[in-house]
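Numbering (our numbering), first residue to last: 1 to 266. Where is the CB? At the ideal position from N, CA and C, for every residue including glycine.
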């Protein structure tokens, strides 16, 4: 049976000489493993669509729960992301996260929209990658059923807790003074700015998800807590995240100004 859909490639694996196995996220059929055959041959028009982070119109052939890519026309290839190694590493982490929490079947429209919007924002460079990363992680967790409760302190009910903290395993907001009344576990301190950002992300529309700014200290805090929350609840390590952090560390070292020692002369 043939059917048409749109899909974004989350992962590609070489299979035999000219084939690939693609993990594709679609809005109506969820996450599918799709075989793309005969790639690289003259006259084969599937090559552009059978690549990581390419969004395409697809015609798939389904037979006994196996899917084959018959036709494809790419819609977005996100060259602006792929031309920057650091952004590509971050986008690959987004894809790995999405693959982990998605499943076959319907109801994946929200996840697909979130990922496409994140890739678009990275490509346009209208927001810092750290902000896009943190907002993506937190919204992804919310869509996957792990949304933290941020409306008030889980113990005393204060809407704006004194020295607010997020209990990572419990997924609840609390005052620093109320921590002893919660179950054991790690809590991370939040500022009013980072708490406001987290509330905006969890309650907002994915299309305007990245439409805010934060001062540098709050952005670092926001990034750290959102990453920690995702890793704690997914109980998973990500090679793409490790690679992104290594690249980011190298970039930070290269951006530091050269400091002259007393032995150096103009």
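Residue i, DSSP secondary structure in three states
i: residue 233; result: helix
i: residue 14; result: strand
i: residue 120; result: helix
i: residue 217; result: helix
i: residue 76; result: strand
i: residue 4; result: strand
i: residue 252; result: helix
i: residue 190; result: coil
i: residue 261; result: At residue 261, the pLDDT of 44 sits below 50, so the modelled position is not reliable and the matter cannot be decided from this model.
i: residue 266; result: Low confidence applies here, because residue 266 scores a pLDDT of 38, under 50, leaving its location unreliable; read the following figure in that light. Coil, per DSSP.
i: residue 104; result: strand
i: residue 56; result: strand
Per DSSP, cross-strand counterpart(s) of residue i
i: residue 68; result: 35 and 61
i: residue 28; result: Paired residues: none, contrary to the question.
i: residue 172; result: 149 and 167
i: residue 22; result: 12 and 34
Chain C within 8 Å of residue i, Cβ atoms only
i: residue 164; result: Structure shown: chain C not included; a single protein chain is present.
Identity of the residue in the options nearest residue i by Cα
i: residue 86; options: 71, 103 and 128; result: 128
i: residue 199; options: 148, 251, 32 and 50; result: 148
i: residue 106; options: 49, 96 and 31; result: 31
i: residue 116; options: 221, 27 and 16; result: 27
i: residue 68; options: 34, 3 and 76; result: 34
Same chain, Cβ closer than 6 Å to residue i, neighbours up to 5 away in sequence not counted
i: residue 123; result: 78, 80 and 81
Proximity of residue i and residue j at Cβ, strictly below 8 Å
i: residue 188; j: residue 174; result: no
i: residue 102; j: residue 190; result: no
i: residue 5; j: residue 58; result: yes
i: residue 247; j: residue 91; result: no
i: residue 227; j: residue 137; result: yes
Own chain, CB closer than 8 Å to residue i, minus 5 neighbours either side, in chain order
i: residue 182; result: 154, 155, 167, 170, 172 and 174
i: residue 215; result: 193
Proximal residues to residue i (C-beta, below 7 Å), its chain only, five neighbours per side dropped
i: residue 14; result: 20
i: residue 261; result: For residue 261, the pLDDT reaches just 44, beneath the cut-off of 50, and the residue's location in the model is therefore unreliable, although a value from the coordinates is still provided. Excluding sequence neighbours, residue 261 sits near nothing in its chain.
i: residue 266; result: Since pLDDT at residue 266 reaches only 38, below the 50 mark, its modelled position is unreliable, and no value is offered.
i: residue 131; result: 210, 214 and 219
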